[in-house]
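One structure is given here, and the rest of the page talks about it.
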Amino acid sequence: MVRGGWPANLGMDDYHAELTARSYLDAVADDDLSAVDGAARDPARIRRVLTSLGRNEATLSSKAALLRDTAEYLPEDAEGKGVKRRGGRGPVALSETTLDDYLGALNRMHVIEDIPAWRPALRSPVRIRAAMKRHLADPSLAAAAIGGTAETLRTDPKTLGFLFESLVTHDVLVYARAMDAQVMHYRDDSGLEVDLIVEMRDGTWGAFEVKLGAVQIDEGAANVLRLDRKMSERGQRPASVKAVIVGVGSFAYRRDDGVQVIPLDTLGV
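Given below as structure tokens:
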């Protein structure tokens with residue numbers, strides 16, 4: 008995950024492979040984000056935004072949450088355009104306008120690739136969260152943004168889980184584009200969440216949960232089955248694929264409940 012999908016990293020050791028993503032983010036902050044449209048942007052504040060995006064990788068964090076998160080990192084004496092101090096003292100925060108500008112520029116550069124919410128047409132109302140799920144374009148960028156290395160992530164399973172979801176999302180996006188399909192996520196007001204929904208042009212869809220460890224397979228299977236039942240009860244066609252993508256195992260198999268368990272190494276079109 009810290010090596011990423013960079014062709015130059017093939018054959019490199021972990022340390023030098025990690026430098027690739029860090030160097031890329033440095034270039035984005037120091038030059039590229041301003042060059043994309045000629046607008047001057049502060050490299051230090053760009054780095055704060057990138058760090059916050061890394062900390063919120065594969066989450067539904069709101070813009071307000073990003074503003075709070077960046078305020079923790081901005082220096083107490085920061086002044087100037089795009090920064091406001093709350094209550095005249097304490098942490099300073101990027102203005103919402105500045106954050107929107109930075110996120111828009113990062114999106115145009117394809118540094119970020121947020122995943123939209125799935126909004127199926129249902130016969131009965133279900134309150135579905137419309138928030139985008141936040142993703143940097145490669146899991147190695149998220150790791151680099153928070154200073155993660157292969158060594159430190161081995162002792163941080165929570166962060167590793169988010170980065171694994173990012174890795175799977177990246178791969179699924181590649182495969183989905185080859186099939187002219189769209190990748191989304193699902194979460195509703197009941198708390199039901201499914202990591203990835205892949206929908207074809209003809210409306211057929213599949214539900215995929217992402218679980219790093221084998222002990223989480225039952226939980227993931229329960230989520231995709233529950234979503235499938237909920238959609239069927241509300242007039243939506245059933246899922247054509249129900250699966251849990253995992254980080255362990257050497258072969259895929261189908262459970263008795265019909266859910267496929269797919270190690271990432273075996274995923275393909």
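The sequence shown lines up with residues 8 to 276 when you count with my numbering. C-beta: ideal position from N, C-alpha, C; glycine also.
Cβ-Cβ distance between residue i and residue j below 9 Å
{"i": "Leu17", "j": "Ala152", "result": "no"}
{"i": "Phe169", "j": "Ala72", "result": "no"}
{"i": "Asp235", "j": "Lys249", "result": "yes"}
{"i": "Leu180", "j": "Val9", "result": "no"}
{"i": "Thr27", "j": "Ala15", "result": "yes"}
{"i": "Val203", "j": "Thr176", "result": "One point to set straight first is that residue 203 is Leu, not Val, in the sequence displayed. For Leu203 and Thr176, yes; Cβs fall inside 9 Å."}
Residues near residue i in its chain [Cβ-Cβ closer than 8 Å; skip 5 each side]
{"i": "Leu74", "result": "Ala100, Leu101, Glu103 and Leu106"}
{"i": "Met116", "result": "Val35, Asp39, Leu40 and Val43"}
{"i": "Arg244", "result": "Gly210, Thr211, Trp212 and Met238"}
{"i": "Met139", "result": "Leu67, Asp121, Ile122, Pro123 and Ala124"}
Beta-carbon contacts of residue i that lie in its chain and below 6 Å, excluding the five residues immediately before and after
{"i": "Gly95", "result": "Caution is warranted here: a pLDDT of 49 is assigned to Gly95, below 50, making its placement in the model unreliable, and no coordinate value can be reported."}
{"i": "Ala36", "result": "Pro50, Ile53 and Arg54"}
{"i": "Arg48", "result": "Leu40 and Ser41"}
{"i": "Glu226", "result": "none"}
{"i": "Gly256", "result": "Pro270"}
{"i": "Trp13", "result": "Thr27"}
{"i": "Gly11", "result": "Ala28, Asp145 and Ser147"}
{"i": "Gln189", "result": "Glu206"}
Which listed residue (the options) has its alpha carbon closest to that of residue i
{"i": "Gly265", "options": "Ala214, Ala221, Met19 and Leu274", "result": "Ala214"}
{"i": "Val222", "options": "Val205, Ile252 and Gly242", "result": "Ile252"}
{"i": "Ser197", "options": "Asn230, Ser173, Leu203 and Phe258", "result": "Asn230"}
{"i": "Pro270", "options": "Thr156, Leu174, Gln189 and Pro164", "result": "Leu174"}
{"i": "Ala24", "options": "Ala78, Thr156 and Arg126", "result": "Thr156"}
{"i": "Leu199", "options": "Leu232, Met186 and Glu172", "result": "Leu232"}
{"i": "His192", "options": "Val255, Lys70 and Val205", "result": "Val205"}
{"i": "Pro127", "options": "Glu240, Leu274, Ser30 and Gly275", "result": "Glu240"}
{"i": "Leu32", "options": "Gly61, Asp20, Tyr22 and Glu158", "result": "Gly61"}
{"i": "Tyr22", "options": "Val118, Glu158 and Tyr109", "result": "Glu158"}
{"i": "Asp272", "options": "Asp178, Ser59, Ala228 and Thr162", "result": "Asp178"}
For residue i: DSSP bridge partner residues
{"i": "Lys165", "result": "DSSP, once it has assigned bridges, lists no residue as partnering Lys165."}
{"i": "Tyr260", "result": "Val268"}
{"i": "Lys140", "result": "Ile122"}
{"i": "Val175", "result": "Answer by DSSP bridge pairing: none, since Val175 is not bridged."}
{"i": "Val253", "result": "Lys218 and Pro270"}
{"i": "Ile135", "result": "Asp195"}
Beta-carbon contacts of residue i that lie in its chain and below 7 Å, excluding the five residues immediately before and after
{"i": "Ile224", "result": "Lys218, Val251, Val253 and Val268"}
{"i": "Asp195", "result": "Val133, Arg134, Ile135 and Arg136"}
{"i": "Asp187", "result": "Arg208"}
{"i": "Glu172", "result": "Ala65, Asp202 and Val217"}
{"i": "Ser69", "result": "Ala138"}
Would you mind listing the alpha helix (DSSP H) stretches within the stretch 38 to 63 that are 4+ residues and don't spill past its ends, in chain order?
50 to 62
What are the complete beta strand (DSSP E) segments, minimum 3 residues, inside the stretch 188 to 249?
189 to 194, 200 to 206 and 212 to 218
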